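Asks: What follows is a single structure, and I will ask about it in a moment.
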Amino acid sequence: MKWKILIVLLPLFSACSGDLFNTDTLKDEIPINPGFTMPLMFTEVTMGELFSDETDYVSYYTDVNGFERIMLYQQADSVSVLTLDDLFDIAAGESTSPIDYSMLNGGAEFTFEAYIPITSNNGTISAMEVSYDLSISGEDMVAPLYLKIELPTVNASEGGKIIETQISNDNPFNERYEDDFFELVDQKVPAIFTVRLMDASRDYTLEIGALTFSISNLDYDYIKGTMEETTTRFESGSIEMQYEGLDEVPDGIEFAEPNINLIVTNYTPFEGIIDPYFKGEIAPLDSMELVFPDILVPPAPEDVAYVRDTLVIDNTNSNLTDFLSYLPPTIDYDAVLTLNPGFALNNEVELTDESSVIMGYLVEIPAEFRIDSYISIDTLDVDENEVLQDLQAATMVISGETSFPFDTDVFVDIYDEDEDRILDTIEAIFLEGAEINTDGIATEAKKQSQEIILTQEQINYLSIAEKLFMRMHIKSSSYDVPNQHVVITTDQSLNIAIDMKGVVDLD
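Here is the structure:
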């Protein structure tokens, strides 16, 4: 008598490689005799497939010995920007002037001067190009007035700015103006007001009103002045880290030469100091700070638009290796900028809307590391597999060949869903990692095969189990040698074949 059995194949490594594996599986129904050998899986993968340069975060480069190596990287030229509006702390005030209505009798005009103060808490301003809101309001005005405002130092090259309007208690003046050029007099905007009655048919005696003149919501395109030592904060944010090919490694990885380049572009004539703060999550309720020196920002020379400088954060000046060993999914950052420390530049300077300080980054992690970690691989549903339910005897036959520089233990956990526990663990195979040279590069592939005779208890467990969990433990071939890292190259490969020999109960 022959049975038709549908074989469910074990997807070894699929969790960490996805569709990258070239896996040949047995999908059709086949006849099985009481004694049988059946292929469960054949799988093959290369490091070039695991770390594909078709992604946005992997690149390849060739070393001096001709090996094609792998680099994890990501960059952003601008993640945080401080502009002209952030650098100067400027506020405009207001000016209130009394209006004696008796001076307007008979249609007379009254002219007076007013000054709007432009104050800066961190410097002085002598000129500026700015967009702004101009507001004029009346109080205790017994009659509407015609109003002319002359701003002689606003757009002075064009003859000044003149505004004509009508004003009363219930009819204030509000207007926004764009890109006007102000020349200040002793940190003030001078204005000349001329008023007269809209209706001159009535005379007044003791009536006094008031006009309030204000400028607000300043948006600068140009400032001429001095700036004292100024401390401001970059906008905080986070870097979403990508670890292509290493996503399933929970811990136990030590990179050889990672580095983070913090790139600062300074469009101002001031030198500066950036005090950065970087923090990464290393556990659900724990984090680690990346400790490294302050960033010295050189000034842009007078005849140069900007200067760009890079601080390289690596093992020599930080705890970067320890920090990255936890593969933090995000790195939160914050930074404080001190510009013109000690008021070193005390002359007047001219700044434009392009005068800014920009911070970016470039993360480069060569795929060269030490590793000692467990990795979850995949889950296989087996509760409807008739072969496993009717086994009388079974032997698992595993063979593999690897040029990966990792010693690899593969385990199969037999899981009972009803009791929510692992019934037993089968140590499937130990694959010794490829031989490596003193540079950490694999030089000789290794082959290994093994047969595991399943115990009666394991066979019984397989008959009642709902799932098989696949996991592996990987360890650098030279892990026990201090500071000996292994190098990942694109041509390194691994293949594993798993067969099952067994006897089934046909009763």
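According to the numbering used here, the residues represented by the sequence shown are 4 to 510, in order. Beta carbons are placed, not taken as given, at the ideal position from N, Cα and C, and that holds for glycine. Since this is a predicted model, take the numbers as computed values, not measurements.
1. Classify I334: buried if its beta carbon has 16 or more other beta carbons within 10 angstroms, exposed otherwise.
2. For E210, which residues from the same chain have a beta carbon less than 6 Å from its beta carbon, with the 5 sequence-adjacent residues on both sides left out?
3. Just to check my reading of the structure: M50 and T492 have Cβ atoms closer than 8 Å, yes? What is that Cβ distance to the nearest angstrom?
4. Give the secondary structure of Y464 by DSSP, where H, G and I count as helix, E and B as strand, and everything else as coil.
5. For T441, does the count of other Cβ atoms within 10 angstroms reach 16, so buried, or fall short, so exposed?
6. How should D418 be labelled, buried or exposed, when 16 other C-beta atoms within 10 angstroms of its C-beta is the threshold for buried?
7. Starting from M50, follow the beta strand (DSSP E) in both directions and report where the run begins and ends.
8. Kindly indicate the opening and closing residues of the alpha helix (DSSP H) around D88.
9. Return the CA-CA distance between Y246 and T313, expressed in angstroms with no decimal places.
10. So the candidates are E181, M475, S239; which of them puts its Cα closest to the Cα of N158?
11. Comparing C-alpha positions only, which one of I477, L394, G110, I401 sits nearest to T458?
12. Distance, Cα to Cα, E243 vs E284?
13. Would you mind working out which of V366, N320, V300 sits nearest S359, comparing C-alpha positions?
14. How should E32 be labelled, buried or exposed, when 16 other C-beta atoms within 10 angstroms of its C-beta is the threshold for buried?
15. Enumerated in chain order, which unbroken segments of the beta strand (DSSP E) with a length of 3 residues or greater are wholly contained in the segment 350–405?
16. Between the C-alpha atoms of Y76 and E260, what's the straight-line distance to the nearest angstrom?
17. According to DSSP, is G69 part of a helix, a strand, or is it coil?
18. Have a look at G275, I263, N264 and flag the residue whose alpha-carbon is nearest the alpha-carbon of T235.
19. So which of M74, G69, L85 has the shortest CA-CA distance to D356?
20. Mind checking whether I298 and I316 have CB atoms under 7 Å apart?
21. Among residues of its own chain, excluding the 5 on either side of T122, which ones have a beta-carbon nearer than 6 Å to its beta-carbon?
22. Report the three-state DSSP secondary structure of Y135 (helix, strand or coil).
23. Beta carbon of R205, beta carbon of E112: below 7 Å?
24. Could you work out which residue in E57, A117, V133 is closest to L87 when comparing CA atoms only?
25. Just to confirm my understanding: we take D56, look at its own chain, exclude 5 residues before and 5 after, and list those with CB closer than 7 Å. What are they?
26. Counting C-beta neighbours from all protein chains within 10 Å, is the total for K450 16 or more, i.e. buried, or is it exposed?
27. In the DSSP assignment, the alpha helix (DSSP H) including F326 goes from what residue to what residue?
28. Throw me the rounded Cβ distance for the E47 and S452 pair, which I believe falls under 8 Å.
29. What is the DSSP secondary structure of F273, reduced to helix, strand or coil?
30. At the level of alpha carbons, what is the spacing between D421 and F414?
31. Going by DSSP, what residue range makes up the beta strand (DSSP E) through D335?
32. Report yes or no: do three or more beta-carbon pairs, one from the segment 340–353 and one from the segment 455–471, lie closer than 8 Å?
33. Starting from the C-beta of R179, find all residues in its chain whose C-beta is less than 8 Å away, skip the five residues before and the five after it, and write them out in chain order.
34. Ignore the nearest five residues each way along the sequence and tell me which others in E435's own chain have a CB closer than 7 Å to its CB.
35. Which residue or residues does DSSP assign as beta-bridge partners of P120?
36. Rounded to whole angstroms, what is the Cα-Cα separation between P344 and M230?
Replies: The relevant details are as follows:
1. Reading the sequence shown from its first residue, position 331 is the one you call residue 334. Label assigned to I334: buried.
2. Translated into the one-based positions of the sequence shown, residue 210 becomes position 207. So the list reads Y104, V145, once near-sequence residues are dropped.
3. As a position in the sequence shown, residue 50 is number 47, starting the count at 1. As a position in the sequence shown, residue 492 is number 489, starting the count at 1. About 6 Å; that satisfies the 8 Å criterion.
4. Position 461 of the sequence shown, counted from the first residue, corresponds to residue 464. Y464 falls in the helix class under three-state DSSP.
5. For this step, residue 441 is matched to residue 438 along the sequence shown. When all chains shown are included, T441 counts as exposed.
6. Taking the first residue of the sequence shown as position 1, residue 418 is located at position 415. The displayed chain sequence assigns Tyr, not Asp, to residue 418. Y418 should be labelled buried.
7. Taking the first residue of the sequence shown as 1, we reach residue 50 at position 47. Segment 50–53 is the alpha helix (DSSP H) holding M50; no beta strand (DSSP E) there.
8. As a first step, residue 88 must be located in the sequence shown, where it is residue number 85. Looking at the DSSP string, the run of the alpha helix (DSSP H) that includes D88 is 87–90.
9. Your numbering for residue 246 matches position 243 in the sequence shown. Your numbering for residue 313 matches position 310 in the sequence shown. If you take the alpha carbons of Y246 and T313, they lie about 23 Å apart.
10. Here residue 158 corresponds to residue number 155 of the sequence shown, with the count starting at 1. Comparing Cα positions, the closest option is E181.
11. Counted from its first residue, the sequence shown places residue 458 at position 455. Taking only the C-alpha atoms, the option nearest T458 is L394.
12. On the sequence shown, position 240 is the one that residue 243 refers to. On the sequence shown, position 281 is the one that residue 284 refers to. Rounded to whole angstroms, E243 to E284 spans 12 Å at the Cα level.
13. Looking up residue 359 in the sequence shown gives position 356. Of the listed residues, the one whose Cα sits closest to S359 is V300.
14. Here residue 32 corresponds to residue number 29 of the sequence shown, with the count starting at 1. Only weak support is given to the placement of E32: the predicted model assigns it a pLDDT of 41, under 50, and the value that follows is read from those uncertain coordinates. So E32 ends up on the exposed side.
15. 352–355, 360–369, 371–384, 394–405
16. Start at 1 with the first residue of the sequence shown, and residue 76 comes out as number 73. Start at 1 with the first residue of the sequence shown, and residue 260 comes out as number 257. Their Cα atoms are separated by approximately 13 Å.
17. In the sequence shown, the residue the question calls residue 69 occupies position 66. Coil at G69, not helix or strand.
18. As a first step, residue 235 must be located in the sequence shown, where it is residue number 232. Out of G275, I263, N264, G275 has the C-alpha closest to the C-alpha of T235.
19. Numbered from 1 along the sequence shown, position 353 holds the residue referred to as residue 356. When only C-alpha atoms are compared, the closest one is L85.
20. Within the sequence shown, residue 298 is the residue found at index 295, counting from 1. Within the sequence shown, residue 316 is the residue found at index 313, counting from 1. No.
21. Residue 122 sits at position 119 when you count from the first residue of the sequence shown. Around T122: A94.
22. The sequence position of residue 135 within the sequence shown is 132, counting from 1. Looking at Y135 - three-state DSSP - the assignment turns out to be strand.
23. Walking along the sequence shown from the start, residue 205 turns up at place 202. Walking along the sequence shown from the start, residue 112 turns up at place 109. No. Outside cutoff.
24. Translated into the one-based positions of the sequence shown, residue 87 becomes position 84. Of E57, A117, V133, the residue nearest in Cα terms is V133.
25. Residue numbering aside, residue 56 sits at position 53 when the sequence shown is read from its first letter. Only S62, Y63 meet the Cβ criterion.
26. One-based indexing of the sequence shown puts residue 450 at position 447. It is exposed - the Cβ of K450 has fewer than 16 other Cβ atoms within 10 Å.
27. Taking the sequence shown and counting its residues from 1, one reaches residue 326 at position 323. Note, F326: alpha helix (DSSP H), 323–327.
28. Here residue 47 refers to the residue found at position 44 of the sequence shown. Here residue 452 refers to the residue found at position 449 of the sequence shown. Contact doesn't hold; Cβ gap of about 16 Å is too wide.
29. In the sequence shown, residue 273 corresponds to position 270, counting from 1. Coil at F273, not helix or strand.
30. Position 418 of the sequence shown, counted from the start, is the residue given in the question as residue 421. Position 411 of the sequence shown, counted from the start, is the residue given in the question as residue 414. Distance between the alpha carbons of D421 and F414: 22 Å.
31. Counting from one through the sequence shown, the residue named residue 335 turns up at place 332. Residues 333–342.
32. no
33. Along the sequence shown, one-based indexing puts residue 179 at 176. Answer for R179: S134, Y135, D136, L137, N220, listed in chain order.
34. Taking the sequence shown and counting its residues from 1, one reaches residue 435 at position 432. So the list reads D410, K449, Q451, once near-sequence residues are dropped.
35. Residue numbering aside, residue 120 sits at position 117 when the sequence shown is read from its first letter. BP columns for P120 point to K191.
36. Reading the sequence shown from its first residue, position 341 is the one you call residue 344. Reading the sequence shown from its first residue, position 227 is the one you call residue 230. Looking at the two C-alpha atoms, the distance is approximately 10 Å.
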